[in-house]
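Counting from 37, one number per residue, gives the positions in the sequence shown under the working numbering.
All C-beta atoms in this analysis are idealised placements derived from N, C-alpha and C, irrespective of residue type, glycine included.
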Amino acid sequence: MGLKLKGSASYQQMSGKPAFILDFNEWVEGTKFRDLKAIKLHNGVVLDPTRNRDHLSYQLAREAGLMAPRVGWAEVTVNGNPYGLYIIVEKHDDPFIEYHKPGERDIGVVLEPNESRGSGWGWGDFGQGNVTNWDYEEGPIPPDPLTVDALERADQLVAAAPNDANVASFWEVMDKEPFLTYLAWETVVMHNDGYRAPNNWRVFVDGTTHLIQLLPAGVEWTWDANVSAWYSGGAAASWCLQNAGCKREYAEHVLVVADLAEQLDLAGQFADQQVWLDPYIDSDTRYPNTWQSVGDARSSTSTHLADNPGEARRQVYQQYPDLRP
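This is the structure:
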């Protein structure tokens, strides 16, 4: 298999606690492990000393109906040397597509706008005229012209006025329910490093319908901030929030996701999982941060797991009193 170091702010060399990509398909085409071609091993160095936010945030996304990676944990050794606890995160590749969209393995498309070519820092978004420069992570080559048309149409609409006619046209290329659910999910978990930035996010284009979805990615920095329901730095999200109808429908989805977070008892899961994760975290001699930083992150996560769903509802009810039960 291929073994690669990964990360930007979380990047570490082998002398430290590096993050890895394990590519089972690197040398022998078709090689898989439990039907996966590759996995990521996150080190939790920068934004998740709890080593648990990936699990909780992606779980909520999947349960809400979004295409989000599956997550686990691993105790890693390299050449017999202990490297400690890692978070296993599924890669956004064709087995990922097939798991969520059976039959789409060879025709679904995943793009990473944050790895755009020829756009300054590489950050891409809708409304910027650079969708054809986004990093083409997975999909048929050359891409289906209908896929390109859908992306370009969404790009043009977000660059235009957010009036009712343009929003109606937007739903012809953007899959409405997943889009609004994604925005609501980011609000409840407060994914400040996600599309709200925009930084960590992916785009999926269905190979059959050619409808676009936003995909969760890079969720280490979640459950660490108070809810801010009416702001997003993502162009398509901000565009939606400027339209009265789109904003209200988004608000309705916030209520659904907030209720789901409590139904799943994410706060209880977090408390239970930290008990058995503690010995691995405590014995991880390669982890560069202090036990105090782990405690601080745990306290913040626990607080926001308990508070964010209710605060999200409060902000929605304040704006739309008629949505109260």
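Option in the options with minimal Cα separation from residue i
| i | options | result |
| --- | --- | --- |
| residue 181 | 225, 196, 243 and 207 | 243 |
| residue 108 | 136, 135 and 75 | 75 |
| residue 313 | 88, 347 and 300 | 88 |
| residue 58 | 77, 111, 188 and 281 | 77 |
| residue 332 | 101, 319, 150 and 259 | 259 |
| residue 149 | 223, 236 and 81 | 236 |
| residue 212 | 245, 72 and 164 | 245 |
Exposure of residue i, with buried meaning 16 or more beta-carbon neighbours within 10 Å
| i | result |
| --- | --- |
| residue 49 | exposed |
| residue 232 | buried |
| residue 204 | exposed |
| residue 345 | buried |
| residue 216 | buried |
| residue 160 | buried |
| residue 70 | exposed |
Inter-residue spacing [alpha-carbon to alpha-carbon] between residue i and residue j
| i | j | result |
| --- | --- | --- |
| residue 343 | residue 162 | 32 Å |
| residue 61 | residue 37 | 6 Å |
| residue 297 | residue 96 | 6 Å |
| residue 135 | residue 247 | 18 Å |
| residue 185 | residue 130 | 22 Å |
| residue 173 | residue 144 | 11 Å |
| residue 251 | residue 289 | 16 Å |
| residue 169 | residue 327 | 42 Å |
| residue 91 | residue 302 | 10 Å |
| residue 155 | residue 166 | Low confidence applies here, because residue 155 scores a pLDDT of 48, under 50, leaving its location unreliable; read the following figure in that light. Each residue's Cα considered, the two are about 8 Å apart. |
| residue 285 | residue 299 | 21 Å |
Endpoints, the beta strand (DSSP E) within which residue i is located
| i | result |
| --- | --- |
| residue 235 | Careful: residue 235 lies outside any beta strand (DSSP E) and carries neither H nor E. |
| residue 147 | 145-148 |
| residue 181 | Unbroken run through residue 181 is the alpha helix (DSSP H), 181-195; no beta strand (DSSP E). |
| residue 441 | Look at the range of the chain in this structure, 37 to 361, and you will see that residue 441 is not part of it. |
| residue 108 | 107-114 |
| residue 117 | 117-126 |
Span of the alpha helix (DSSP H) around residue i
| i | result |
| --- | --- |
| residue 133 | 130-136 |
| residue 289 | 280-299 |
Entirely enclosed alpha helix (DSSP H) segments - the region 320-358, minimum 4 residues: 327-355
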